[in-house]
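Chemist:
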Ligand SMILES: C[S@@+](CC[C@H](N)C(=O)[O-])C[C@H]1O[C@@H](n2cnc3c(N)ncnc32)[C@H](O)[C@@H]1O
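In this note's numbering, the protein residues as written are 146 to 528.
1) Just how far apart, CA to CA, sit residue 454 and residue 488?
2) Apart from the five residues just before and just after residue 201, which ones in its own chain have a Cβ nearer than 7 Å to its Cβ?
3) Say the cut is 7 Å; is the CB of residue 408 nearer than that to a heavy atom of ligand 1?
4) Using a Cβ-based criterion (distance less than 7 Å to any ligand heavy atom), does residue 446 qualify as near ligand 1?
5) Tell me the start and end of each unbroken beta strand (DSSP E) in the segment 260-305 that is at least 3 residues and wholly inside, in chain order.
6) When burial is assigned at 16 or more other CB atoms within 10 Å of the CB, is residue 395 buried or exposed?
7) Run the proximity test for residue 435: is its beta-carbon closer than 7 Å to any non-hydrogen atom belonging to ligand 2?
8) What first and last residue would you give for the alpha helix (DSSP H) that runs through residue 327?
9) Alpha carbon to alpha carbon, how far is residue 416 from residue 335?
10) Evaluate residue 509 with the Cβ neighbour count: other Cβ atoms within 10 Å of its Cβ, from every protein chain shown; 16 or more gives buried, anything less gives exposed.
11) Could you name the residues of the same chain whose beta carbon sits closer than 7 Å to that of residue 275, not counting the 5 residues immediately before and after it, in chain order?
12) Measuring CB to CB, does residue 157 end up less than 8 Å from residue 179?
13) Kindly identify the DSSP beta-bridge partner or partners of residue 88.
14) Starting from residue 238, follow the beta strand (DSSP E) in both directions and report where the run begins and ends.
15) Quick one, which of 374, 398, 425 has its alpha-carbon nearest residue 360's?
16) Please name the residue or residues paired with residue 186 in a DSSP beta bridge.
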């Protein structure tokens, strides 16, 4: 089988879990860089990654990587790419996004139009036609230029992978599904441990956790751009990958996942969303302010995304809320708690330094994933 390189872009700071997902699928890692993981595999890799991966926004087919400091170099190197290996004569192709960091070429619109021209030139020579109808399948191209190195990828996904299809109702400041899944996977939580999100909003963290626990592949009920591609014909691989995902769902898992919020509308939304995701039976949602959180159970997990102060509350209120968080979470003896926040002084108001503090980017927003690790539960005696 022919092998290709695939790029999985992820949130900055979550590369480790993105890499782990690729390895779990059985593919070789080529490179891990800030915000992306490159791996090698056949067309099956594209299909299985699109359907199963929780931490990436999309899967790109890496078409080339080259150095370009001038538009001429950009044009010539883009023209050298064997676009006909991927795009048929009636394909619709364009540069949908161009990002440039610390590079001589930086104007996205110029990069886009020069590369499109180069693609047309290459395809004209190959297909021996001078006009392209572009009425076939779509081949959007994404380009990143970092320190003059251009990486060219064809988007195999289409609508971002964070759009799982279950979040029909949303709150003012939701966390993306991909980031929520990454946070859960950055912790040692497993389906047999209690998980509570006391600031559940639209329910993203509990829902993603339940999907992980029940092995529900996030993309098993949606479509991908590359499903109908013709030159790279992956239809058979998609069929197998969808069947594999369906067969992998566990229907008999016992999980104790709870989502709370002070706002009754959020609780309603979470319930609707969990129903759409097919995980409502695993999660208990209820209206409850954080200071009323308590549990007689031991060794639970809290993974949560409280208000930061920017979008939902003013600074003074937020500082008071973080003091309450500190008091309440500490009273849960033996629990581990994990908090994603953009609040620079969160640890100070929580009243305890985190065991680990990982910097993550939620889009352009710098956030901190504060990790307070409780003790491990004693090993169950062998029976
Ligand atoms: C940043 S949002 C959480 C978003 C959520 N992760 C999602 O993806 O939808 C913070 C949530 O905290 C809730 N909240 C604010 N103050 C609270 C309190 N004292 N107790 C419980 N929930 C609170 C808000 O209603 C809001 O839904």
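Think of the CB as a built atom: it goes at the ideal place given N, C-alpha and C, for glycine as much as any other residue.
Source: prediction; values computed, not measured.
Modeler: Reading it off the structure:
1) 7 Å
2) 153, 154, 155, 163, 306, 323
3) yes
4) no
5) 283-291, 294-300
6) exposed
7) Summarising the ligand content, the structure contains ligand 1 and does not contain ligand 2.
8) 322-330
9) 22 Å
10) exposed
11) 269
12) yes
13) The requested residue 88 does not occur in the structure, where the chain is confined to residues 146 to 528.
14) 237-246
15) 398
16) 149
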